[in-house]
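Residue numbers 0 to 99, in numbering that gives the first Met the number 0, belong to the letters of the sequence shown in order. What follows is a short report on a single structure.
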Amino acid sequence: MKKLVRNKIPEFATYAKYRKLKPEEIEAALKNKIVEEAQEVKAAPNEENLIEELGDMYTVLQAFLEFKKIDESRFLKKVEEKNRAKGTFSEYLLMETEDE
Numbered sequence: 000m001k002k003l004v005r006n007k008i009p010e011f012a013t014y015a016k017y018r019k020l021k022p023e024e025i026e027a028a029l030k031n032k033i034v035e036e037a038q039e040v041k042a043a044p045n046e047e048n049l050i051e052e053l054g055d056m057y058t059v060l061q062a063f064l065e066f067k068k069i070d071e072s073r074f075l076k077k078v079e080e081k082n083r084a085k086g087t088f089s090e091y092l093l094m095e096t097e098d099e
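What follows is the structure in structure tokens.
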């Protein structure tokens, strides 16, 4: 198994081998980590675990923004623009179509 891990994991999981990713490998590793964390959010069995997994997802998102040198205020502006244009998820609408 190969996966992106937090900086302090080598201190605890001494049985594994670690290497620093090459710059050209980082974006794919971050994308894979977001998918991994999303799956863990989906599988969270209780609220405490859900909060932990959402925190992991948030931390990966912050790392991705930092890696891509995307300023957080620029990112949040884009989020707000999309929210104004298309709305948020606050009404919990489920779309159903015939082509599924």
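Just so it is clear, CB atoms sit at the ideal spot from N, CA and C, and this is done for glycine as well. Everything numeric in this text was worked out from a predicted model, so none of it was measured.
Asked: Which term fits Glu36, buried or exposed, when burial requires 16 or more other beta carbons within 10 angstroms of its beta carbon?; Found: buried
Asked: Can you tell me which of the three DSSP states Asp55 falls into?; Found: helix
Asked: Could you pull out every unbroken alpha helix (DSSP H) segment of at least 4 residues lying fully inside the region 0-57, listed in chain order?; Found: 8-11 and 22-42
Asked: Go to Glu97, then tell me how far its alpha helix (DSSP H) extends in each direction, as first and last residue.; Found: Premise fails: Glu97 is in no alpha helix (DSSP H) and is neither H nor E.
Asked: Going by DSSP in three states, Lys68 sits in which element: helix, strand or coil?; Found: coil
Asked: Within the same chain, show all residues whose beta-carbon is closer than 6 angstroms to that of Asp55, passing over the 5 residues directly before and after it, in chain order.; Found: Glu36
Asked: Mark Lys32 as exposed unless 16 or more other C-beta atoms lie within 10 angstroms of its C-beta, in which case mark it buried.; Found: buried
Asked: So, are the CB atoms of Ile25 and Phe66 less than 9 angstroms apart?; Found: yes
Asked: To the nearest angstrom, how far is it from the Cα of Glu79 to the Cα of Glu10?; Found: 39 angstroms
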